[in-house]
Amino acid sequence: MTGRQYELVYFNTSAVAGQVPVLAAHARRVLGHIHEMEYALRLTMGEAQIKQLFPLATRFVVVSEAVRDVMTNAFAVPADKMDLVNGFVEMPTLTREEIQKRRRDPQTHGAYAHRRAARGAHPALLSTALQSLFELPP
């Protein structure tokens, strides 16, 4: 890697936190995609890695409001450094009747519906994150 410079380092979980600082030294921007809550972050990374890694990130994608709150409250990551992309699937607001109907409908029940809804989610995630990171128009 000596002499190489990269435009972006993207890490998709805290499990790879140990490698990010080495890669970040050769990148203009670092994008972190955080799925984990506070306990898991502290367990997988430890305080020293958290203090080293989080300031390196140019931006974060967080998968829920709860993760965003943890990043802000437990780790002092500014809210304006985070983009919320809800677990790849937009959660619809359903009435009680709609929920009951969907539970009875074999086309929208269980894992089948989850796989169908999640298909094609990464382009939307990357589009949102990259627009923020590189200040591109939507």
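If you count by this note's numbering, then the sequence shown holds residues 897 to 1034, one letter each, in order.
No residue lacks a Cβ here, since even glycine has one placed at the ideal position from N, Cα and C.
These figures come from a predicted structure and were not determined experimentally.
First and last residue of the beta strand (DSSP E) that includes ARG924?
Within the sequence shown, residue 924 is the residue found at index 28, counting from 1. Its beta strand (DSSP E) spans residues 923-930.
Per DSSP, what kind of secondary structure is GLY1006 in: helix, strand or coil?
Numbered from its first residue, the sequence shown carries residue 1006 at position 110. Because the pLDDT at GLY1006 is just 46, under 50, the model does not fix this residue reliably, and the point stays unresolved.
Quick one: what does DSSP say PHE950 is sitting in, helix, strand or coil?
Mapped onto the sequence shown, residue 950 falls at position 54. Residue state, collapsed to three classes: helix.
Under the three-state reduction of DSSP, which class applies to GLN901: helix, strand or coil?
What you label residue 901 is simply residue 5 of the sequence shown in a count that begins at 1. Judged by DSSP in its simplified three-state form, GLN901 adopts coil rather than helix or strand.
May I have the straight-line CA-CA distance separating LEU919 from PRO974, to the nearest angstrom?
For this step, residue 919 is matched to residue 23 along the sequence shown. For this step, residue 974 is matched to residue 78 along the sequence shown. Rounded to the nearest angstrom, the two C-alpha atoms are 23 Å apart.
Over the uninterrupted alpha helix (DSSP H) stretch that includes ASP965, give me the two end residues.
Taking the sequence shown and counting its residues from 1, one reaches residue 965 at position 69. It spans 961-969 - the alpha helix (DSSP H) in which ASP965 sits, taken as one unbroken run.
Quick check on DSSP: helix, strand or coil for VAL981?
By one-based count along the sequence shown, residue 981 stands at place 85. Coil at VAL981, not helix or strand.
Which same chain residues end up closer than 7 Å to ASN982 when comparing Cβ atoms and leaving out the 5 residues on each side of it in sequence?
Counted from its first residue, the sequence shown places residue 982 at position 86. The answer, listed in chain order, is VAL959 and SER960.
Taking C-alpha atoms, which residue in TYR906, ILE930 and ALA911 lies nearest to ALA921?
If you number the sequence shown from 1, residue 921 lands on position 25. Per the Cα distances, TYR906.
VAL957 by DSSP, collapsed to three states: which one?
Residue numbering aside, residue 957 sits at position 61 when the sequence shown is read from its first letter. Looking at VAL957 - three-state DSSP - the assignment turns out to be strand.
How many Å lie between PHE872 and LEU990 at the Cα?
Past the edges of the chain, shown from 897 to 1034, lies residue 872, and the structure says nothing about it.
Using a threshold of 9 Å, state whether the C-beta atoms of VAL963 and LEU927 are closer than that.
For the purposes of this step, residue 963 is taken as residue 67 along the sequence shown, with counting starting at 1. For the purposes of this step, residue 927 is taken as residue 31 along the sequence shown, with counting starting at 1. In this structure, VAL963 keeps its C-beta atom at 9 Å or more from the C-beta atom of LEU927.
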